[in-house]
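Report on the following structure.
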Amino acid sequence: MEWLSALWLGAPAWTWLVFLAAVTVLLVLDLGILNRDDHVIGVRESLKLSALYLSAGLLFGLWVWYEFGGEKGLHFYTGFLIEKSLSLDNIFVISLIFSTLAIPAAYQHRVLFWGIVGVIVTRGIMIGAGSALVASYYWTLYIFGAFLVLTGIRMFFVKSGDDDMRDNAILSWLKRHMRVTDKLHGNAFLVRQPDAAGKPLLYATPLFLALCMVEVTDVVFAVDSVPAIFAITSDPFIVYTSNIFAVLGLRALYFALAAMVKRFTYLKYSLAAVLVFIGSKIFLGDFVFGGKVPATLSLAVTAVLIMSGIAYSLWRTRGEDIKV
Numbered sequence: 006m007e008w009l010s011a012l013w014l015g016a017p018a019w020t021w022l023v024f025l026a027a028v029t030v031l032l033v034l035d036l037g038i039l040n041r042d043d044h045v046i047g048v049r050e051s052l053k054l055s056a057l058y059l060s061a062g063l064l065f066g067l068w069v070w071y072e073f074g075g076e077k078g079l080h081f082y083t084g085f086l087i088e089k090s091l092s093l094d095n096i097f098v099i100s101l102i103f104s105t106l107a108i109p110a111a112y113q114h115r116v117l118f119w120g121i122v123g124v125i126v127t128r129g130i131m132i133g134a135g136s137a138l139v140a141s142y143y144w145t146l147y148i149f150g151a152f153l154v155l156t157g158i159r160m161f162f163v164k165s166g167d168d169d170m171r172d173n174a175i176l177s178w179l180k181r182h183m184r185v186t187d188k189l190h191g192n193a194f195l196v197r198q199p200d201a202a203g204k205p206l207l208y209a210t211p212l213f214l215a216l217c218m219v220e221v222t223d224v225v226f227a228v229d230s231v232p233a234i235f236a237i238t239s240d241p242f243i244v245y246t247s248n249i250f251a252v253l254g255l256r257a258l259y260f261a262l263a264a265m266v267k268r269f270t271y272l273k274y275s276l277a278a279v280l281v282f283i284g285s286k287i288f289l290g291d292f293v294f295g296g297k298v299p300a301t302l303s304l305a306v307t308a309v310l311i312m313s314g315i316a317y318s319l320w321r322t323r324g325e326d327i328k329v
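Following this line, the structure appears as structure tokens:
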């Protein structure tokens, strides 16, 4: 049993097993028990499911704090908060995907659930590659930092519009390179149908197209969020676990937030400030603070910026008719 104590990506193997066990229990509870049957998830149910995932994430953070110390615990919570906040725009894009492909509300949770399974794999690959880069070439952190600063500055000046997903290049490419049915076939992602000669062929349904688009969207958004957490800590265990727990909870909250996501219009400016701060933190840590910016300062500044953006957005959009 010595392998349980062996280090794997900077943490004992048994700690990774604890994390995987926690995520597995949550996913089995989600799809296997609470949402075994396809149904429309209302706001109240969405909030309850989100509370379950949020509680699990916060408790896991406490466990990280106890097991690895206060600094890593603060890094976990900072990464958790950043990933949740940066993923809010992801909700709006997912909503566009569902509306464009006419995915009924009863099947949307199924797409999001299996999308999470894909996230666990793709984020693992991205974070593993990032960890290897940082471990071998520390200077890549400066590239991450500069990228985040430039992305944040760009967010200040670029207006976000209501993109028409029907003209999306990736969606068009998928339709050209896959056999896709004209309509849904229940909750099936793939079905067999006869071609003109009567030979049964495998076809993707619009539900599978939605799943592919959700996965691609997550990879695109991860290009911002993963470097942001690496700017907080280069510990792959903290980066990966905080990332996954944040995504789990946000997907559960989708059904409560999708209808009112436009009320967070001004949050993008505070998120831009967060990216600039986190990107600058790498340079500040090495050249100003003698090694690293204190974890408490990182968490405090991040939390204040995000909470200010949420409060200002809700105040500016007060009285708007939001259908929930």
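Take 6 as the starting number for the sequence shown in the numbering used here and just add one per residue. Every residue, glycine too, gets a C-beta built ideally from N, C-alpha and C.
Here Leu14 carries a coil assignment [DSSP, helix/strand/coil].
Distance between Leu310 and Gly254, taken at the CA atoms: about 21 Å.
Taking a contact to require three or more Cβ pairs closer than 8 Å, the region 172–190 and the region 207–222 qualify as touching. Per DSSP, Pro205 is one residue of the beta strand (DSSP E) stretching across Pro205 to Ala209.
Apart from the 5 residues on each side of it in sequence, Ser10 sits with its Cβ closer than 6 Å to the Cβ of Pro17 in its chain, given in chain order. Secondary structure of Arg197 (DSSP, three-state): strand.
Shown here, Val185 sits in a strand according to DSSP, grouped into three states.
In this structure, Lys286 and Ala236 form a Cβ contact; the two beta carbons are roughly 6 Å apart against a cut-off of 8 Å. Beta-carbon to beta-carbon, Val33 and Ile121 are separated by about 12 Å, too far to satisfy the 8 Å threshold. In the three-state reduction of the DSSP assignment, Leu106 falls in the coil class, being assigned neither a helical nor a strand state. When DSSP states are grouped into helix, strand and coil, Tyr271 belongs to the coil group.
In the DSSP annotation of this structure, the continuous segment of the alpha helix (DSSP H) that includes Tyr82 starts and ends at Gly75 to Leu91.
By the criterion of at least three beta-carbon pairs nearer than 8 Å, the region 274–283 is in contact with the region 301–319. In the DSSP annotation of this structure, Leu34 is not part of any alpha helix (DSSP H), being labelled neither H nor E. The three-state reading of DSSP puts Val45 in coil, since its state is none of H, G, I, E or B.
Sixteen is the threshold: since fewer than 16 other Cβ atoms of the shown chains lie within 10 Å of the Cβ of Leu67, the residue is exposed.
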